[in-house]
Each structure stands twice: as structure tokens, then as C-alpha cells.
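Visitor: The sequence shown begins at 319 in this note's numbering and counts up one residue at a time.
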Amino acid sequence: MVGQRFIQLLENHPQFEITALAASDRSQGKQFQEACTWRLPGEMPEFVRSMTVAAPEPPLDCELIFSSLPGEIARASEGAFVAAGFPVISNSSAFRMDADVPLLIPEVNHEHLGLLDTQQATRAGQSGYIVTNPNCSTIMLALALAPLHHKFGVESVVATTMQALSGAGYPGVASLAISDNVLPFIDGEEEKIEQETLKILGRLQGTEIEMAPMAVSAQCHRVAVTDGHLAAVRVKLRRAVSIDEVSAAFASFSSLPQDLALHSAPQRPIIVREERDRPQPRLDRDAGNGMSVTIGRILPDNVLDYRFVVLSHNTIRGAAGAAILNAELLIALGKLK
Numbered sequence: 319m320v321g322q323r324f325i326q327l328l329e330n331h332p333q334f335e336i337t338a339l340a341a342s343d344r345s346q347g348k349q350f351q352e353a354c355t356w357r358l359p360g361e362m363p364e365f366v367r368s369m370t371v372a373a374p375e376p377p378l379d380c381e382l383i384f385s386s387l388p389g390e391i392a393r394a395s396e397g398a399f400v401a402a403g404f405p406v407i408s409n410s411s412a413f414r415m416d417a418d419v420p421l422l423i424p425e426v427n428h429e430h431l432g433l434l435d436t437q438q439a440t441r442a443g444q445s446g447y448i449v450t451n452p453n454c455s456t457i458m459l460a461l462a463l464a465p466l467h468h469k470f471g472v473e474s475v476v477a478t479t480m481q482a483l484s485g486a487g488y489p490g491v492a493s494l495a496i497s498d499n500v501l502p503f504i505d506g507e508e509e510k511i512e513q514e515t516l517k518i519l520g521r522l523q524g525t526e527i528e529m530a531p532m533a534v535s536a537q538c539h540r541v542a543v544t545d546g547h548l549a550a551v552r553v554k555l556r557r558a559v560s561i562d563e564v565s566a567a568f569a570s571f572s573s574l575p576q577d578l579a580l581h582s583a584p585q586r587p588i589i590v591r592e593e594r595d596r597p598q599p600r601l602d603r604d605a606g607n608g609m610s611v612t613i614g615r616i617l618p619d620n621v622l623d624y625r626f627v628v629l630s631h632n633t634i635r636g637a638a639g640a641a642i643l644n645a646e647l648l649i650a651l652g653k654l655k
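1. Who are the Cβ neighbours of Asp-418 in its own chain at under 7 Å, not counting the five residues just before and after it?
2. Let's test the definition: count the other Cβ atoms within 10 Å of the Cβ of Tyr-488 and tell me whether it reaches 16, buried, or not, exposed.
3. Does the Cβ of Leu-459 lie closer than 7 Å to at least one heavy atom of the ligand NAP?
4. Enumerate in chain order the residues of its own chain whose CB-to-CB distance from Ala-638 is below 6 Å, with the five nearest sequence positions on each side excluded.
5. Assign Gln-437 to one of three DSSP states: helix, strand, or coil.
6. Starting from the Cα of Leu-483, find the closest Cα among Gly-546, Arg-414 and Leu-522 and give me that residue.
7. In whole angstroms, what separates the C-alpha of Lys-655 from that of Leu-647?
8. Can you tell me whether His-500 is buried or exposed? The criterion is at least 16 other CB atoms within 10 Å of its CB, across all chains shown.
9. Does DSSP put Ala-637 in a helix, a strand or coil?
10. Please classify Val-534: is it buried, with 16 or more other beta-carbons within 10 angstroms of its beta-carbon, or exposed?
11. Note down, in chain order, each residue of its chain lying with its Cβ closer than 6 Å to the Cβ of Arg-293, except the 5 sequence neighbours on either side.
12. Between which two residues does the beta strand (DSSP E) containing Thr-479 stretch?
13. Taking the continuous alpha helix (DSSP H) assigned at His-467, which residues delimit it?
14. Can you give me the C-alpha to C-alpha distance between Cys-454 and Met-609, rounded to a whole angstrom?
15. Taking the C-alpha atoms as reference points, what is the distance between Ala-549 and Glu-352?
16. DSSP three-state label for His-581, please.
17. Going by the DSSP bridge assignment, what does Gln-349 pair with across the sheet?
18. Based on the DSSP output, what are the partners of Thr-355 in its beta bridges?
19. Quick check: the Cα distance between Ser-582 and Gln-333, rounded to an integer number of angstroms?
20. Does the region 378-395 come close enough to the region 345-364 that 3 or more CB-CB pairs lie under 8 Å?
21. On the DSSP bridge list, what partners appear for His-547?
22. State the start and end residues of the unbroken alpha helix (DSSP H) segment that holds Leu-617.
23. If we ignore side chains and look at the alpha-carbon of each, how far apart do Val-301 and Asn-409 end up?
24. How should Asn-330 be labelled, buried or exposed, when 16 other C-beta atoms within 10 angstroms of its C-beta is the threshold for buried?
25. Rounded to a whole number of angstroms, what is the C-alpha to C-alpha distance between Ala-338 and Thr-355?
26. Suppose only complete runs of 3+ residues qualify. What are the beta strand (DSSP E) ranges in the region 501-581, listed by chain order?
27. What is the DSSP secondary structure of Pro-599, reduced to helix, strand or coil?
28. Under three-state DSSP, which class holds Val-491?
29. Taking the beta carbon of Leu-387 as the centre, do at least 16 other beta carbons fall within 10 Å, making it buried, or is it exposed?
30. Can you tell me where the alpha helix (DSSP H) holding Ser-395 begins and where it ends?
31. Between Val-559, Arg-600, Gly-614 and Ile-588, which has its C-alpha nearest Arg-594's C-alpha?
32. Can you check whether the CB of Phe-571 is closer than 8 Å to the CB of Ile-589?
33. Looking at the unbroken alpha helix (DSSP H) that takes in Asp-426, where does it start and where does it end?
34. Would you identify the three-state DSSP class for Ser-445, choosing helix, strand or coil?
35. For Arg-323, name the three-state secondary structure that DSSP assigns.
36. Under 8 Å between the Cβ atoms of Arg-586 and Gly-606?
Listed below in C-alpha cells is the structure:
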């Protein structure tokens with residue numbers, strides 16, 4: 319599903335052209351239209367139909383790699399491309415928590431790209447590099463926390479996610495398992511949110527990331543929604559602030575991608591809704607062409623300081639769109655040519 323989003327978002331992109339497609343053994347050697355059943359709305363783009371699917375290993379006829387490989391094969395495949403000199407922009411989880419790999423959300427921690435110098439200096443024989451984007455739920459949580467943490471300091475956060483079916487891929491969750499039901503467990507998801515958030519919101523100190531000094535607790539659920547992850551979040555701040563200050567911090571948030579007018583960057587990375595019943599996946603997941611997160615129900619909390627609900631499109635801002643925005647930033651900063 320994420321691979322198809324990459325193709326959809328890269329069609330007619332002003333800076334990138336798809337010149338090769340790679341996938342697992344059962345697809346290799348086939349034309350893409352034969353190997354792939356298109357699951358997104360609309361038709362399969364014409365330009366990929368007759369492309370022959372290659373193996374996910376070098377050599378490959380391209381200048382950089384966008385990867386959405388499953389975690390169990392991503393490390394070997396992505397590592398081979400990096401060793402062969404390719405820049406790898408990865409949506410996979412394999413390298414996210416490596417100390418010298420940027421776990422990047424351009425609006426939040428673009429300075430972490432300083433790790434690329436360390437990465438290339440310390441990994442013998444590596445001429446390429448790898449940049450990762452976070453887990454789909456981590457992205458929306460970290461984007462929501464960033465303005466609060468930068469302005470007021472976040473001491474602790476509790477997040478309860480309700481995650482869309484597309485996050486499980488296709489065919490994904492069996493219909494009889496999710497119909498009339500909520501699944502209160504997504505393997506590995508809670509650990510990713512709790513660990514990745516600390517790295518993203520941490521500081522680059524010399525050649526390493528100092529993890530953010532906060533406690534993060536997550537509980538994850540799969541719900542019967544096609545696209546759009548939603549999280550109910552409670553935060554404790556390091557100093558007392560008013561609810562108006564919290565709301566203003568969200569609404570006014572902007573960063574380097576907006577300053578640079580990157581192609582995939584939304585004009586407003588965070589949209590605040592005042593209605594009592596928003597955000598909702600069906601109404602708000604496509605905000606900012608799927609690249610904005612939407613926050614609503616900002617209220618005082620009886621246990622921590624404040625609570626709110628945040629929503630994002632999990633396969634666009636949470637996956638393929640996030641990786642493409644990372645690559646656009648690398649071009650703008652002269653790290654990708």
C-alpha cells in the first residue's frame with residue numbers, strides 16, 4: 319500500500335522521476351501491471367504499467383532509493399544499496415533507531431541531518447547514506463508535541479491511538495476480525511512510538527542524539543477506518559501555560575519546509591479545529607493534501623495538564639509523503655543532487 323502511495327505521489331513530481339521498481343521474489347521479472355493489483359482510488363499510472371519489477375538489490379537504474387520494504391528484509395537490502403553508493407530514503411523500521419541515522423520529520427528535527435557526516439565517517443566502506451522517517455503514528459504525535467516541547471517543555475505524554483486498516487497493508491486484517499470489533503494490539507507499535515518520539519524530539523549533541531527528557535506511554539488499537547490514524551493525547555508541561563497559549567502554539571507552528579516552500583510541504587503543518595467533534599478521519603485526513611495533521615478537542619485535563627486529539631493520513635504524512643518530503647529537504651540543503 320505504501321509502495322503504491324509512493325508511485326501516486328511521485329507521478330508528475332517536479333524533482334523526481336521513477337526509473338526502476340523493485341519488490342519481492344514473487345514479483346520479480348513481471349511487468350508491474352501483472353505483479354501489482356492497484357488498490358488506491360483511480361487508475362494505475364500509465365508510466366509504471368510496463369516497467370519490469372527488479373530485485374531489491376544493487377545495481378538498479380536510479381540515483382536514489384525510496385524504500386518501503388518490510389522490516390525483516392529492509393536492513394539487508396537497504397544496507398546493500400547504501401554500501402553501493404546510493405542515498406536511501408526509507409519508510410522502513412530497520413535503521414530508525416541506529417545512533418547515526420537521522421529519524422527525520424523536516425518540520426521538527428531537520429538539524430538531525432548533521433548525523434549524515436557521522437554516518438559516512440564511521441561506517442567503513444559506505445559511500446551512500448540512509449535517512450529514515452518515523453512510524454506512521456509517531457509522526458503525527460511528534461508533530462503535535464514539537465511546538466509544545468519547543469515553547470514550554472513536555473514532561474510526560476500519554477497517547478492512545480486508533481489506527482486505520484491501511485496501516486496493516488493489503489489484505490491486512492481479516493474482515494471477520496475487525497468487523498464489529500476493535501483490536502487492542504498492534505505488534506511492535508507501542509514500543510516504536512515510545513522510543514522514536516524521544517529520538518525525534520531529542521537534541522543533536524556533537525555526533526549523537528541526546529534523547530528528549532520526557533516520559534512517553536502509548537496504547538495502540540486497530541479500528542475499522544480505511545485511512546487516517548487518530549490519537550487521544552494527554553500531556554504534562556514543564557511550566558504552567560494557559561489553554562490559549564497551547565492552542566496558539568499549535569496554530570502558529572511553521573518550520574523550515576514552509577520557509578523553503580518544498581513541493582510536498584503543507585502550508586500549515588498543524589491545523590487546529592474548534593468544533594467539538596473534530597478531527598474525524600473521513601473529514602480531515604486529506605488536509606494539506608494529506609500532509610497536515612489536524613488537532614482538536616484541546617481541553618484542560620484532570621490528571622495531566624492538557625488533552626487533545628490529533629489525526630493524520632497514515633500512508634501519506636505517515637509514510638510515503640513523509641519520505642518524499644525528506645528527500646525534497648535533502649535537495650534543498652545540497653545533500654542530494
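The C-beta atom is built at its ideal place from N, Cα and C for all residues, glycine as well.
Guide: If we stick to the structure as given:
1. Annotation for Asp-418: Leu-433, Thr-436, Gln-437 and Thr-440 place their beta carbon closer than 7 Å to its own, counting only its chain and skipping 5 residues before and after.
2. Looking at its Cβ environment, which holds fewer than 16 other Cβ atoms inside 10 Å, Tyr-488 is exposed.
3. No copy of the ligand NAP occurs in the structure displayed, which carries no ligand at all.
4. Around Ala-638: Val-320, Arg-323, Phe-324 and Leu-327.
5. If DSSP states are grouped into helix, strand and coil, Gln-437 belongs with the helices.
6. Of the candidates Gly-546, Arg-414 and Leu-522, the one whose C-alpha sits nearest the C-alpha of Leu-483 is Gly-546.
7. Straight across, the Cα-Cα distance linking Lys-655 with Leu-647 is about 11 Å.
8. Note that residue 500 is Val in the sequence shown, not His. By the 10 Å Cβ count, Val-500 comes out exposed.
9. Ala-637 falls in the helix class under three-state DSSP.
10. With 16 or more other Cβ atoms inside 10 Å of its own Cβ, Val-534 counts as buried.
11. Because residue 293 is not part of the residues shown, which for the chain are 319 to 655, the question remains open.
12. From DSSP, the beta strand (DSSP E) with Thr-479 extends over 472-481.
13. For His-467, the enclosing alpha helix (DSSP H) has its first and last residue at 454-469.
14. Met-609 has its alpha-carbon roughly 12 Å from the corresponding atom of Cys-454.
15. For the pair Ala-549 and Glu-352, the Cα-to-Cα distance works out to about 37 Å.
16. Residue state, collapsed to three classes: coil.
17. According to DSSP, which records beta bridges pairwise, Gln-349 is partnered with Thr-370.
18. Within the DSSP bridge table, the entry for Thr-355 names no partner.
19. Separation of Ser-582 and Gln-333 (C-alpha to C-alpha, rounded to the nearest whole angstrom) is 11 Å.
20. Taking a cut-off of 8 Å for Cβ pairs, the region 345-364 and the region 378-395 do not touch, as fewer than three such pairs fall below it.
21. BP columns for His-547 point to Ser-630.
22. No alpha helix (DSSP H) holds Leu-617; the beta strand (DSSP E) holding it covers 611-618.
23. Residue 301 is absent from the model: the chain starts at 319 and stops at 655.
24. By the C-beta density criterion, Asn-330 is exposed, having fewer than 16 other C-beta atoms within 10 angstroms.
25. Rounded to whole angstroms, the gap between the alpha carbons of Ala-338 and Thr-355 is 18 Å.
26. The qualifying runs are 521-523, 526-528, 533-540 and 547-555.
27. Per DSSP, reduced to three states, the secondary structure at Pro-599 is helical.
28. In the structure shown, Val-491 sits in coil (DSSP, three-state: anything other than H, G, I, E or B).
29. Counting the other CB atoms within 10 Å of its CB gives Leu-387 a total of 16 or more, which places it among the buried residues.
30. Its alpha helix (DSSP H) spans residues 389-401.
31. If we check each option's Cα against that of Arg-594, Gly-614 comes out closest.
32. By the CB criterion at 8 Å, Ile-589 and Phe-571 fall outside the cutoff.
33. At residue 426 the sequence reads Val, which differs from the Asp that was named. Where Val-426 is concerned, the enclosing alpha helix (DSSP H) stretches over 424-427.
34. Looking at Ser-445 - three-state DSSP - the assignment turns out to be coil, as it is neither helix nor strand.
35. Here Arg-323 sits in helix by DSSP.
36. With respect to the 8 Å criterion, Arg-586 and Gly-606 are classified as neighbours on the basis of their beta carbons.
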